[in-house]
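Take 1 as the starting number for the sequence shown in full-length UniProt numbering and just add one per residue. Contents: one structure, followed by commentary.
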Amino acid sequence: MPQQNATTRPPLSVRRMRFTLFAVLAVLVLLGARLVWVQGIDPTDAAAVATKNRSSGDVAIPAKRGQIIDADGNVLATSTIRYDLVVDQRQVKDTFRRKDAATGKIVSLKTEDGVKELAQVLGLDPQAVHTAFFGKEGAKKKGYSVITKNITPEANDKAREIGLTWLTSEETTQRSYPSGKLAGPVLGFIDAKGKGAEGLELSQNEKLTGKNGSMTYERGADGVRIPNAPVTEEPAVDGQSVKLTLDSDIQYVAQNAVMAKQKQFKAKWVNAVVMDAKTGKLLALADSTSMDPNNPGATDAEYRTSTTVTQAFEPGSTGKIPTFAAALDQGVVTPESQFKVPNAFKIDNETINDSLKHSTYDMTAAGVFARSYNTGTVQVGDKISDSSRYDFMSKLGLGKKIDVGLPGASPGILAKPDDWERRQRLTTMFGQGYTQTAIHTASILQAIANKGVQVAPTLIDAYVDADGTEHPVEAAKTQRVVSEKTSSEMRRMMETVVTAGTSTKMAINGYRVGGKSGTAQAQGEDGKFDQHTNSFAGMVPVEDPRYLVVVTMQHPKGYWRDWSVGDTFTTIMSSVLSKYSVAPDTTKPNPYKAFVGERQKYAW
Numbered sequence: 001m002p003q004q005n006a007t008t009r010p011p012l013s014v015r016r017m018r019f020t021l022f023a024v025l026a027v028l029v030l031l032g033a034r035l036v037w038v039q040g041i042d043p044t045d046a047a048a049v050a051t052k053n054r055s056s057g058d059v060a061i062p063a064k065r066g067q068i069i070d071a072d073g074n075v076l077a078t079s080t081i082r083y084d085l086v087v088d089q090r091q092v093k094d095t096f097r098r099k100d101a102a103t104g105k106i107v108s109l110k111t112e113d114g115v116k117e118l119a120q121v122l123g124l125d126p127q128a129v130h131t132a133f134f135g136k137e138g139a140k141k142k143g144y145s146v147i148t149k150n151i152t153p154e155a156n157d158k159a160r161e162i163g164l165t166w167l168t169s170e171e172t173t174q175r176s177y178p179s180g181k182l183a184g185p186v187l188g189f190i191d192a193k194g195k196g197a198e199g200l201e202l203s204q205n206e207k208l209t210g211k212n213g214s215m216t217y218e219r220g221a222d223g224v225r226i227p228n229a230p231v232t233e234e235p236a237v238d239g240q241s242v243k244l245t246l247d248s249d250i251q252y253v254a255q256n257a258v259m260a261k262q263k264q265f266k267a268k269w270v271n272a273v274v275m276d277a278k279t280g281k282l283l284a285l286a287d288s289t290s291m292d293p294n295n296p297g298a299t300d301a302e303y304r305t306s307t308t309v310t311q312a313f314e315p316g317s318t319g320k321i322p323t324f325a326a327a328l329d330q331g332v333v334t335p336e337s338q339f340k341v342p343n344a345f346k347i348d349n350e351t352i353n354d355s356l357k358h359s360t361y362d363m364t365a366a367g368v369f370a371r372s373y374n375t376g377t378v379q380v381g382d383k384i385s386d387s388s389r390y391d392f393m394s395k396l397g398l399g400k401k402i403d404v405g406l407p408g409a410s411p412g413i414l415a416k417p418d419d420w421e422r423r424q425r426l427t428t429m430f431g432q433g434y435t436q437t438a439i440h441t442a443s444i445l446q447a448i449a450n451k452g453v454q455v456a457p458t459l460i461d462a463y464v465d466a467d468g469t470e471h472p473v474e475a476a477k478t479q480r481v482v483s484e485k486t487s488s489e490m491r492r493m494m495e496t497v498v499t500a501g502t503s504t505k506m507a508i509n510g511y512r513v514g515g516k517s518g519t520a521q522a523q524g525e526d527g528k529f530d531q532h533t534n535s536f537a538g539m540v541p542v543e544d545p546r547y548l549v550v551v552t553m554q555h556p557k558g559y560w561r562d563w564s565v566g567d568t569f570t571t572i573m574s575s576v577l578s579k580y581s582v583a584p585d586t587t588k589p590n591p592y593k594a595f596v597g598e599r600q601k602y603a604w
C-alpha cells in the first residue's frame, strides 16, 4: 500500500471552507473595529453625519404683520394667523397609527378612513380631499399637494388630532380690515405676497412687516418628521403697529357727509380734511369714493389713495387767503383800508370781472375778502411785488409735496413769477393759475388759526412694538409764516365771511365760526374749462381756534348758485365740537364793517 505524501494539498472543498471562514472573520474584525471607533472614539462626528442626513432644512416661521390703529387704539388693519394643510402624496401609506381616545392604546387605522374624517372635520368635499391626499388614479404622485388653505388655528388643531402622519400645517397670515371702507384709501391694501401695495400699507411696509423666523427639524428617509427629535427654532419678530392721529368717529361722520354731498350734486368727488388747529394732527381724511381694502379691485385705481393728497385743483377764492395775509403782514393794507370796488376792473391791460354784476361799492379790505370780489382782491394784491407774493405762497407750502405718509401725494403747481403770463399774475391773487390739494388748503388755514405758526400736518402718531412699547414720531416741523397780529386780523376777517359775507350757511349755533369759501373754474375730461371746484375752509372757535375742517367738491352738476358744501362743513364740525366737548362761545361775533359809511344795497 503506497505511503501518503506529507505535502499533499487538502481537497478543494476544504480549502473553500477555510477561505470563507477567514473572510467572515475578517469582516467581523472590521465591523468590530468600526463599532469601537463610532461608539467609543468618535461618537459625536458620526451622530452629526446621521443628523445631517436626516435634517429637513429650514422651515420659515412668518412674522405677524403689525396692525394699523386709530388715535384711540381701534384696530383698522390687522393680521390673523391661518394655516394651509398640505401633503406629500409620495409618502402616503395605506395605514396610520394613533392613540385610541377611549383605551389610550396605539391602534392601526386605514388611511382612507382618516381622510374621510379629515373632510368631515374641515367641512370639505370628501372626494376632493381624497384626490388631494392620494392623487388621481394613474397620475404621478405630487410632492406638494394642497388639501385646503387659510383655515383657523382651531380647525388646524382638529385636523392634526386625526393623526395622519403625512399631513403638514404651514402657518400663514391673512390681512383683514374690520371697519371695511372706513378710511380705506388712507389704509391702502397688500398684494398677494403680503406686501404693501397702496396707502399706508405701502408707505409703512418696512415698519409693519417684521422679520421671519425659522425652524429646523429631523425627518426619516420616508420624509416623515421624527417624533421627539431635536428642533432648532429662531422665533419670528413681529412687525410694529402704526398708530394714527385719525379719530374713527370723526372719520365715519366725515365720510358719510362727503358721500351724501357727492350724491346730491353728482360730483366727481368730494373730500374733507379735519385737523387739530394747534398740533396739525389729522383727525379725518374722508373721500366720497371710499375703497374697501378687503376688496380693493372693486374701486377704480384713481380712488385707492385719498384724493385729499392726490388730487390738485385751482382753489378759487380760498386762494385769496395768502394774498390778504401777505398784504396785512407786510403792512401795505389794514382790514379797514378803503377800496372802490366795481364789477369790472382794468389793470395791466387785463379786465378782471366779478362773478355777479354789481354796482361800484366803497368797501373795506375786510369787506372785499368777505364778499369775495376779484376786482377788489387784485387791487390788494397789486400792492405786493410778484416775487414777494410768490415767496410767501411757496413758504406756505404751495408747489411742494406735503408728506403725511401717503404715496402719490401731489405737490400741485406753482410757477415762478418769471413764468407767469400777464393775466396769470393777476389770477394767482384770487386762487387761479396754480393748483393745490385739500391738504395744502388745510395747512394754510392751520397757520392762520394757530397765531401765525404753521405746524406740518401729521397722520402717523407713533410706532408700537409687539410688546406694547410706543415710539412717538418726531415732533412736526413748525415755522412762523405771519405775525400774531396778522393772524388775529385774518381770523376776524374770516368771521366777517360767515356773518356778513359769502358763507352765512356755515354758521353753527352757539359758536363763532371763521372761514373762506371758494369756487373756481376747472378743467373737464375733454380739456375744456367748463367744470368747477367748490370748497369751504373753516375754523372754530374763531378767537382761539381748536379745530378746522376743509371740504372740497369737484365737478358738481346743476346750477352753480345752488352749489354749497355748507351743510357738509357744519355736520362735520358739529361732530368734532361734540366729540371733544368744546364749550360754546360766551362772546358775540366781532366782524369788520364791509362797507365804508352807510351800508349800501346790492343784490347777490
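Glycine is no exception: its CB is placed at the ideal position from the N, C-alpha and C atoms.
Original post:
If you draw a straight line from the C-alpha of Lys395 to the C-alpha of Ser214, how long is it?
Top reply: 51 angstroms
**OP:** Assign Ile460 to one of two classes, buried (16 or more other C-beta atoms within 10 Å of its C-beta) or exposed (fewer than that).
**Re:** buried
Original post:
Do you know how far the Cα of Val455 is from the Cα of Lys477?
Top reply: 6 angstroms
Original post:
Under three-state DSSP, which class holds Gly538?
Top reply: strand
Subject >> Cβ-based burial, Tyr580 [other Cβ within 10 Å; buried from 16] >> reply: exposed
Subject >> Residue from Val565, Ser306, Lys278 and Thr435 with nearest C-alpha to Gln446 >> reply: Lys278
Original post:
From Tyr177 to Ile68, what does the alpha carbon distance come to, in whole angstroms?
Top reply: 9 angstroms
**OP:** Look at the alpha carbon of Ser503 and the alpha carbon of Gln174, and state the distance between them as a whole number of angstroms.
**Re:** 48 angstroms
Subject >> Rounded distance between the beta-carbons of Thr148 and Phe96, thought under 8 angstroms >> reply: No, Phe96 and Thr148 are not in contact; Cβ-Cβ is about 19 angstroms, not under 8 angstroms.
**OP:** Could you tell me which residues DSSP pairs with Gln330 in its beta bridges?
**Re:** None; Gln330 has no bridge partner.
**OP:** Identify the continuous alpha helix (DSSP H) that holds Val391 and give its terminal residues.
**Re:** Note on residue identity: the sequence assigns Asp, not Val, to residue 391. From DSSP, the alpha helix (DSSP H) with Asp391 extends over Asp386 to Lys395.
**OP:** Go ahead and pull the three-state DSSP assignment for Gly408.
**Re:** coil
**OP:** Measure the C-alpha to C-alpha separation of Pro315 and Arg65 and round it to an integer number of angstroms.
**Re:** 39 angstroms
**OP:** Assign Arg561 to buried or exposed, taking buried as 16 or more other Cβ atoms, counted over all protein chains shown, within 10 Å of its Cβ.
**Re:** exposed
Original post:
Which of the three DSSP states, helix, strand or coil, is assigned to Gly515?
Top reply: strand
**OP:** Only counting runs of 4 or more residues, tell me where the alpha helix (DSSP H) segments fall wholly within the stretch 229-292, in order along the chain.
**Re:** 248-265
Subject >> Three-way DSSP call (helix, strand, coil) for Leu164 in this model >> reply: coil
Subject >> Per-residue burial, Ile81 [other beta carbons within 10 Å of its own, 16 or more giving buried] >> reply: exposed
Original post:
Using CA coordinates, which residue listed in Val380, Thr310 and Asp467 is at the minimum distance from Ile402?
Top reply: Thr310
Subject >> Short Cβ contact (8 angstroms threshold) for Val270 with Met573 >> reply: no
Original post:
Is the distance from the Cβ of Ala537 to the Cβ of Gly515 below 8 angstroms?
Top reply: yes
**OP:** Starting from the C-beta of Pro322, find all residues in its chain whose C-beta is less than 7 angstroms away, skip the five residues before and the five after it, and write them out in chain order.
**Re:** Phe392, Met393, Leu396 and Ile444
Original post:
Sorted by chain position, which residues of the same chain lie with C-beta nearer than 8 angstroms to Leu30's C-beta, five sequence neighbours on each side aside?
Top reply: none
Original post:
Does the distance from the C-beta atom of Thr587 to that of Glu543 stay below 8 angstroms?
Top reply: yes
**OP:** Apply the 10 Å Cβ neighbour rule to Phe345 and answer buried if 16 or more other Cβ atoms are within range, or exposed otherwise.
**Re:** buried
Original post:
How many angstroms separate the CA atom of Gly123 from the CA atom of Glu198?
Top reply: 35 angstroms
**OP:** State buried or exposed for Gly239, treating a residue as buried only when at least 16 other CB atoms are found within 10 Å of its CB.
**Re:** buried
**OP:** Name the two residues that bound the continuous beta strand (DSSP E) containing Arg480.
**Re:** Thr478 to Arg480
Original post:
Can you name the residues that DSSP bridges to Asn353?
Top reply: Ala344
Subject >> Pairwise C-alpha distance: Thr486 and Ala409 >> reply: 30 angstroms
Subject >> Collapsed DSSP secondary structure at Ile379 in the structure displayed >> reply: A small correction: the amino acid at residue 379 is Gln; Ile does not occupy that position in the sequence shown. Helix.
Subject >> Whole-angstrom distance between Leu202 and Pro296, CA atom to CA atom >> reply: 14 angstroms
Original post:
In three-state terms, what does DSSP make of Ser581?
Top reply: coil
**OP:** Mind checking which residues open and close the beta strand (DSSP E) that includes Thr552?
**Re:** Tyr547 to Gln554
**OP:** Name the one or two DSSP bridge partners that Ala462 has.
**Re:** Lys243 and Pro472
Subject >> Beta-bridge partners of Leu109, as assigned by DSSP >> reply: Phe96
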